[in-house]
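Mapping the sequence shown onto my numbering, position 324 (from 1) lands on 798, and the numbers just tick up by one.
Where is the CB? At the ideal position from N, CA and C, for every residue including glycine.
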Amino acid sequence: MKQIKHFTLASLLVNSFFIPSITYAMEENILVEDKSLTEERREQHRLQEQQIRSQLEKANHFLNSEDEPQKVSTDILAPATGPAFLIKQVDIDFAGKPNDLNFEPILTKYQNQELTSGHIFDLIRELTGELYQKGYVTSAISIKDPDISQGKLSLLINWGFGNRFLVNGEEPTYWKDKAMLLTLPSIKDKRINIHHIDQMVEVLNQNNKHAKISILADEQDGYSNLNVLLARTALPSFSLGFNNSGAENNANGRNQISSSLTYSDLLGLNETWSFSGSYRLYKDRKHNSLKNYSLSYSQPLGFYTLELKSSASDYDKRIQGIFNSYDSDGQTYTHGIKLSRLFSRSKEYIFTGYSQYEYKQRKSSLIGRRIGDHRYSTLTFGLSYTTNLFGGKLYSDLNYLQGIGWFRGEKNAYSKNNEEKFVKVFSSSITWNRYFSLGNQQFNYTAKTALQYGPRRSDSLNHFTIGDEYTVRGFKGGVSSGENGGYFSQTLNIPFYINKLYVKSITPYVGFDIGRTYSKLGDKKEVISGATLGLKAQIGNASLNTAYSKPLNRLDINNKNRKGVLYFNMNVNF
């Protein structure tokens, strides 16, 4: 009996010390998981920024520089010599082909006018200009019936068709050349359209391949061949990076090293393979680490693009309890498949739709014991549109995300009655970029806004987060989040092109950002803003970006987020 009392007393003493300590450690582990999620969001923001830059570069390369297409003149026809006939009707034979041509503004100017042969040639020239504007650069317009004495002018469109592809002027014989052409839109007996050729050029120009396309006449009348002028490189591209994006101090993961490897056309199918990884630097690297890996594969096929992606995030963290230290760890695995479809493109716009499925698994452990294992599945449907606007380029994206139960996907949202529901999220983003000059100095201005609306209360996994170098600058670690939110960011760049020794360019810039989030839990609203002064430089194969950002409003009465932050990012490409 006395021994039992001693045992019970000892157990009570141990539990009185151990249980509060382990409870505290579990609470701290939740904070560690949140930091891991913050890292995922920052990476998501980085990839979104990379996607925006890619789309704007595409717009600068493929879209016209004019603010809007040239409009047809409505001036009264100039006098011309020769006999004139009153033309009451102009008919155009489209040879049975569907089209998106709008000839009415041109025809209206010429109908019910007395036309000479010179006027008729002017009419054909303007109609041909509209034909070329729509991309049919190998098609032509001719007079179908030369008899116009009855006041009727009949015209015929002679469509230009495609026959076959050539590679550097020759029939393709190598496997890679044949495979490359298989993934391009077919041209056999199809009308040649320059906008479709732009799509082919975009697909062909990958990391290890540079291509142009010229149009060559075929032996068959009315047909053309597309000649792919091709140059391949053997080595993949490789980059090393360093940044100080962490919210903690140097000993606790402020600094991060990263690397990426990209290789394209390995199979000859215009595909692209990419691998990237990052590692945060901790003082106690034996017990603290945060690693990220990502592997992606992109395969174009005609007007479609299939993308496969897998990523993994792994952290280890030693948590200091009340009396002891405890080791925690966690892993996040994400797998996704995305299918994009080019709906339409011209020299004025590019319109694309996409759908994506993503599966995510998040695990966490404390003292070697599993304390969390969650799976989530989502479907996303979106539209993107790139166009010219006010002398610049505009890229916009609108999408809807819906949680689903595939592969044991869990519900992580809640109705007003606290019933578990699948998450729903509506998101949009708009970026406008314009180059302009004052005197001899060139400037570049970028304005970006993003919005998210979640009709249901949800956990932090699908929250809208702001407060890093890609959203609202002046903060680190995603300091504000909620189901709903938005931000507006603007940056003015002043590039100086040196091109001496190894220095290619130096670009000072200033920026201002403001954002707002709303969390349904606790009806919490937050507004943050920041101002930035920075400098970018391109020195040889290295790119550097450093900036000082100062919050313009505080998040709490303790004023702890009022202090400015220094961003530093360096990448070297090989």
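- Excluding the 5 residues flanking it on each side, Ala-786 has same chain C-beta neighbours closer than 6 Å at Tyr-767 and Tyr-807, in chain order.
- The stretch 654-741 contains, as complete beta strand (DSSP E) runs of 3+ residues, the segments 683-691, 697-706, 711-717 and 726-738 (chain order).
- Counted as a single uninterrupted DSSP element, the alpha helix (DSSP H) harbouring Phe-595 occupies residues 591-607.
- The closest CA to that of Asp-663, considering only His-519, Gly-989, Ser-711 and Phe-635, is found on Phe-635.
- The stretch 932-952 and the stretch 718-735 touch, with three or more beta-carbon pairs separated by less than 8 Å.
- For Pro-1025, the secondary structure class from DSSP, reduced to helix, strand or coil, is strand.
- A residue is called buried when at least 16 other Cβ atoms come within 10 angstroms of its Cβ; Tyr-789 meets this threshold and is buried.
- Per the C-alpha coordinates, the member of Tyr-831, Ser-954, Leu-816 and Leu-975 positioned closest to His-669 is Leu-816.
- Contact between Asn-1045 and Ser-1017 is confirmed by a C-beta separation of about 5 Å, below the 8 Å threshold.
- In this structure, the beta-carbon distance from Leu-575 to Tyr-584 does not fall below 9 Å.
- Counting of Cβ neighbours within 10 angstroms places Leu-605 among the buried residues, the total reaching 16 or more.
- For Tyr-869, the closest alpha carbon among the candidates Glu-832, Ile-904 and Lys-837 is that of Ile-904.
- Excluding residues up to 5 positions away in sequence, Leu-741, Gly-742 and Leu-743 lie with their Cβ nearer than 8 Å to the Cβ of Ala-653 in the same chain.
- Just so you know, the alpha carbons of Tyr-961 and Gln-518 end up roughly 16 Å apart.
- Its Cα nearest to that of Lys-994, the residue Ser-955 stands out among Ile-968, Tyr-1022 and Ser-955.
- Straight-line spacing of the CA atoms in Ser-1023 and Phe-1042 works out to 11 Å.
- With respect to the C-alpha of Leu-780, the residue from Gln-563, Ala-705, Gly-810 and Asn-699 having the closest C-alpha is Gly-810.
- Counted as a single uninterrupted DSSP element, the alpha helix (DSSP H) harbouring Pro-579 occupies residues 578-584.
- Non-local C-beta neighbours of Asp-987 in its own chain, meaning closer than 6 Å and more than five positions away in sequence, comprise Val-946, Arg-947, Ser-963 and Gly-1004, ordered along the chain.
- Apart from the 5 residues on each side of it in sequence, Phe-749 sits with its Cβ closer than 6 Å to the Cβ of Leu-735 and Leu-769 in its chain, given in chain order.
- Secondary structure in the stretch 863-916: the beta strand (DSSP E) runs of 3 residues or longer, each lying completely within the stretch, are 866-878 and 898-912 in chain order.
- A direct Cα-to-Cα measurement between Ser-784 and Ile-631 gives close to 50 Å.
- For Glu-523, the CB contacts under 8 Å within the same chain, skipping 5 residues up- and downstream, are Tyr-944 in chain order.
- Within its own chain, the residues whose Cβ lies closer than 6 Å to the Cβ of Ala-921, once the five positions on either side in sequence are excluded, are Trp-906 and Gln-964, listed in chain order.
- The DSSP-derived three-state label of Phe-536 is helix.
- Asn-534 counts as exposed, since fewer than 16 other C-beta atoms from the protein chains shown sit within 10 angstroms of its C-beta.
- Going by C-alpha positions, Ser-510 is about 43 Å away from Ala-705.
- With fewer than 16 other Cβ atoms inside 10 Å of its own Cβ, Thr-582 counts as exposed.
- Arg-520 carries a helical assignment under DSSP once its states are collapsed to helix, strand and coil.
- If only complete runs of 3 or more residues are kept, the stretch 942-989 shows the beta strand (DSSP E) at 954-956, 958-967 and 970-974, in order along the chain.
- For Asp-651, the three-state secondary structure derived from DSSP is helix.
- When only Cα atoms are considered, Asp-695 and Asp-651 end up about 27 Å apart.
- Per the C-alpha coordinates, the member of Leu-703, Ser-711, Tyr-756 and Leu-709 positioned closest to Asn-729 is Tyr-756.
- Burial of His-937 is indicated by the presence of at least 16 other C-beta atoms within 10 angstroms of its C-beta.
- Among the bridge pairs identified by DSSP, Pro-774 is matched with Thr-779.
- Leu-764 has its alpha-carbon roughly 19 Å from the corresponding atom of Asp-847.
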